[in-house]
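Read through the structure below, which is laid out as structure tokens, and then see the notes.
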Amino acid sequence: MPPRAEVEAALARIQEWPGLARSPQLAKFLNYIVGARLDGNEAGIKAYSIAVDVFGRPQSFDPQNDPIVRVQARRLRAVLEEYYAGEGASEPVIFYLPVGRYIPEFRTPSGEPAPAAAESPVTGFTPPIAQVAAERSWLARLDDIVLLVVLVFVALGIALVLTQVLAPRQVRIAVPQPPVVSVTEFTSVAAQAPAASVAGLAVELVTDLGLFPFIDAVYLQRTGPAAPQATAATFELSGIARTEGTEMQVTASLKRVGSDAAVWSMTEKVATAEFPTSIDRLSQGFADQLGAVDGPLHTDAMQWLATNTDLAGNETDYLCGLLFTRYRGSARLDDGERARACVSGLLRSQPGSAVGLAMSGTLLLDRTLRMQPPSARDPEPIAEAERQIDEALALAPTSSPIWREYAFFLESVGRFGEAEAAFTSALQLNPSNLDAYAGYARLLSLRGKSEKGKAMAADALRRAVTPPYWYHEAAAVNALREGNNAEALLQAEALAVGDAELASAIAVTAAYRLKSEDALNRSIAQLLEVTRFRRFGILPVLRQRLGDPELRAEIGNELAAAGIDQAALNGPY
Numbered sequence: 136m137p138p139r140a141e142v143e144a145a146l147a148r149i150q151e152w153p154g155l156a157r158s159p160q161l162a163k164f165l166n167y168i169v170g171a172r173l174d175g176n177e178a179g180i181k182a183y184s185i186a187v188d189v190f191g192r193p194q195s196f197d198p199q200n201d202p203i204v205r206v207q208a209r210r211l212r213a214v215l216e217e218y219y220a221g222e223g224a225s226e227p228v229i230f231y232l233p234v235g236r237y238i239p240e241f242r243t244p245s246g247e248p249a250p251a252a253a254e255s256p257v258t259g260f261t262p263p264i265a266q267v268a269a270e271r272s273w274l275a276r277l278d279d280i281v282l283l284v285v286l287v288f289v290a291l292g293i294a295l296v297l298t299q300v301l302a303p304r305q306v307r308i309a310v311p312q313p314p315v316v317s318v319t320e321f322t323s324v325a326a327q328a329p330a331a332s333v334a335g336l337a338v339e340l341v342t343d344l345g346l347f348p349f350i351d352a353v354y355l356q357r358t359g360p361a362a363p364q365a366t367a368a369t370f371e372l373s374g375i376a377r378t379e380g381t382e383m384q385v386t387a388s389l390k391r392v393g394s395d396a397a398v399w400s401m402t403e404k405v406a407t408a409e410f411p412t413s414i415d416r417l418s419q420g421f422a423d424q425l426g427a428v429d430g431p432l433h434t435d436a437m438q439w440l441a442t443n444t445d446l447a448g449n450e451t452d453y454l455c456g457l458l459f460t461r462y463r464g465s466a467r468l469d470d471g472e473r474a475r476a477c478v479s480g481l482l483r484s485q486p487g488s489a490v491g492l493a494m495s496g497t498l499l500l501d502r503t504l505r506m507q508p509p510s511a512r513d514p515e516p517i518a519e520a521e522r523q524i525d526e527a528l529a530l531a532p533t534s535s536p537i538w539r540e541y542a543f544f545l546e547s548v549g550r551f552g553e554a555e556a557a558f559t560s561a562l563q564l565n566p567s568n569l570d571a572y573a574g575y576a577r578l579l580s581l582r583g584k585s586e587k588g589k590a591m592a593a594d595a596l597r598r599a600v601t602p603p604y605w606y607h608e609a610a611a612v613n614a615l616r617e618g619n620n621a622e623a624l625l626q627a628e629a630l631a632v633g634d635a636e637l638a639s640a641i642a643v644t645a646a647y648r649l650k651s652e653d654a655l656n657r658s659i660a661q662l663l664e665v666t667r668f669r670r671f672g673i674l675p676v677l678r679q680r681l682g683d684p685e686l687r688a689e690i691g692n693e694l695a696a697a698g699i700d701q702a703a704l705n706g707p708y
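Here the working numbering runs 135 ahead of the position in the sequence shown, where the first position is 1.
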């Protein structure tokens with residue numbers, strides 16, 4: 136084998152070659168097998184380990200049913216042949232992947248494998264070890280074989296014992312469980328409101344809260360046979376309805392079971408005469424706040440996650456769902472890695488988790504879109520992401536969150552008509568699925584002018600407890616489209632917390648129109664530092680992100696007028 140330094144230098148050079156750089160998965164594949172060979176771990180270079188470690192397949196991967204490693208190995212061989220026929224023709228070390236195997240060979244330019252044994256410094260040739268061994272008696276060889284078998288079994292026994300004794304064991308710990316809320320009858324102190332209507336609000340809240348995947352809501356009568364239900368609850372939701380002139384004020388209040396102190400309250404106002412027909416709207420407004428991940432029902436679990444960073448062996452749908460939603464709301468890389476680790480652990484222990492499969496597919500697509508060029512996507516991970524979400528839907532066809540993830544997937548790959556239908560399904564299953572509502576608003580707004588999308592986007596920002604950064608995406612685009620540049624700049628600043636791409640492009644455009652030099656200088660500096668803009672060009676990325684060609688053209692013209700070089704607009708810089 137050539138010196139390790141030479142092999143690593145050759146690997147670094149081929150990784151920089153554009154023909155390999157444009158396919159990060161193939162680059163990772165080559166790096167993995169070469170590194171394993173250098174470390175002497177040839178036995179670990181198997182289809183299963185490659186599929187799991189390189190291509191993100193689950194622990195349940197079956198190489199007989201999924202040909203991804205064979206397909207990618209064939210692609211890698213073709214890329215290697217192309218490289219060594221062109222730019223890599225003068226390489227001193229050549230990587231060769233034999234057909235039917237995944238252990239790479241390190242060859243010389245002549246095509247021969249690099250020598251593994253050195254010549255004798257005295258005789259000038261390598262001793263014929265194989266010939267000497269062949270001349271030994273078969274009895275001697277039999278003795279060697281028996282000894283080898285005995286040693287292998289002894290080694291296996293020792294390894295098994297050490298594994299049982301020394302291997303770190305996953306510790307089962309008490310983890311937060313999804314909250315259980317008992318909803319009691321609301322008290323009426325308004326003479327004009329029939330008591331039955333007030334009681335109907337509690338029943339409606341039980342229904343609406345029960346639509347959330349991580350909340351269990353039960354109806355509790357203050358007296359009667361239903362009272363024992365309270366023993367399983369962790370929270371109690373109650374409220375009052377009272378009249379102020381011609382207006383009724385309905386207040387919902389949440390407290391922990393066993394405590395009189397309210398941890399949350401909210402008041403909605405409605406005309407007294409309209410109260411009986413406003414039950415559904417009032418219930419949805421309360422459910423929006425209570426069902427949100429950053430709402431009061433999940434505060435304890437979120438605080439627990441903040442202090443317990445290692446969940447190894449303790450992953451649940453609930454905890455992974457909270458981490459996943461936090462990443463969607465922050466776009467922070469550390470939040471993303473923690474969500475991926477949780478989902479991966481969840482699927483190892485529960486491969487049939489519908490929620491886990493949906494989150495896994497979304498996270499795989501997210502990583503793929505961040506790494507690959509807008510115009511040359513690798514279809515393999517995208518197909519795998521869709522397969523996982525399809526499986527999740529098959530397991531839980533009435534889950535609003537899974538339909539939402541399917542809608543996000545369809546939107547990301549440009550299947551907008553199907554995405555619209557999937558968002559509709561998610562909202563039919565749970566009208567308080569606010570992420571689905573905001574996602575639908577974004578889909579409509581980014582494709583072109585849409586009064587429906589504009590109204591939904593504003594409504595989503597109003598309904599959210601703390602709107603995630605991406606809720607501002609549709610609002611920023613709509614404001615810019617209408618020429619409300621001050622509002623567009625304001626929304627872009629909120630969007631920039633997690634999406635520097637659209638935020639900086641919108642901010643530069645709005646600032647240029649407003650002739651605000653400070654805002655323009657600040658926005659241009661941010662625009663030119665966006666990673667994907669630098670790698671692929673500004674307009675190619677915007678073509679992927681913004682489906683409205685007319686607005687996209689306006690932004691391109693304004694960016695050019697603001698001084699952005701054409702080379703940076705149209706390609707890497």
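We put the CB at the ideal spot given by N, CA and C, even for glycine.
The region 317–326 makes no contact with the region 394–402, as fewer than three CB pairs between them are under 8 angstroms. Between the alpha carbons of H433 and P314 lies a gap of roughly 7 angstroms. The beta carbon of I690 sits closer than 6 angstroms to those of A640, T644, all from its chain and outside the five residues before and after it, given in chain order. As the crow flies, the alpha-carbon of E664 is around 23 angstroms from that of G682. Ranked by Cα distance from F459, the options D445, A447, V478, T444 are led by V478. Sequence-distant partners of L155 (beyond 5 residues in either direction) whose C-beta falls short of 8 angstroms from its own C-beta, in its chain, are I149, L161, A162, L165, V214, Y218. One alpha carbon belongs to A621, the other to L649, and they sit about 7 angstroms apart.
A576 is positioned such that its CB atom lies closer than 8 angstroms to that of A609. Residue pairing of E382 in beta bridges, as defined by DSSP: E379, A406.
Each residue's CA atom was taken as its position, placing L232 and R212 some 6 angstroms apart.
Here the C-alpha atom of A396 lies approximately 9 angstroms from the C-alpha atom of L389. Contact check for A631 against N613 fails: the beta carbons are separated by 8 angstroms or more.
In this structure, the CA atom of Y462 is about 10 angstroms from the CA atom of L498. DSSP places L355 inside the beta strand (DSSP E), whose first and last residues are 351–355. Assigned with DSSP and collapsed to three states, I238 falls in coil, not helix or strand. In chain order, V478, L482, Q523 place their CB closer than 7 angstroms to the CB of S495, counting only its own chain and leaving out the 5 sequence neighbours on each side. In the structure shown, W605 falls within a helical segment according to DSSP collapsed to helix, strand and coil. Listed as beta-bridge partners of M401 by DSSP are A387. The residues I517, A520, F544, S547, in chain order, have a CB closer than 7 angstroms to that of L500 in the same chain once the five nearest residues on each side in sequence are set aside. Every alpha helix (DSSP H) stretch that sits fully inside the region 184–226 and reaches 4 residues is listed by chain position as 203–220.
Per the Cβ contact rule, the region 167–186 is in contact with the region 136–143 (3 or more Cβ pairs under 8 angstroms). Note on geometry: alpha-carbon atoms of D343 and R582 lie some 31 angstroms from one another. Within the same chain, P227, V228, I229, A249 come within 8 angstroms of T243 by CB-CB distance, once the 5 residues on both sides are set aside. The criterion of a C-beta distance shorter than 8 angstroms is satisfied by G464 and P603.
For I414, the enclosing alpha helix (DSSP H) begins and ends at 414–426. Residue environment analysis places L569 among the buried positions, since at least 16 neighbouring C-beta atoms fall within 10 angstroms of its C-beta. Judged by DSSP secondary structure, F459 falls within the alpha helix (DSSP H) whose first and last residues are 452–465. When secondary structure is reduced to three states using DSSP, G471 falls in the helix class.
Bounds of any alpha helix (DSSP H) do not take in F347, whose DSSP letter is neither H nor E. Sequence-distant partners of R670 (beyond 5 residues in either direction) whose C-beta falls short of 7 angstroms from its own C-beta, in its chain, are P707. The C-beta distance from A599 to E540 rounds to 19 angstroms, too long to meet the 8 angstroms contact threshold. Here G496 is not bridged, per DSSP, to any residue. Residue environment analysis places T442 among the exposed positions, since fewer than 16 neighbouring C-beta atoms fall within 10 angstroms of its C-beta.
V206 sits exposed, since fewer than 16 C-beta atoms from the chains shown fall within 10 Å of its C-beta.
A direct Cα-to-Cα measurement between P239 and D513 gives close to 23 angstroms. If you draw a straight line from the Cα of K584 to the Cα of L704, it comes to about 24 angstroms.
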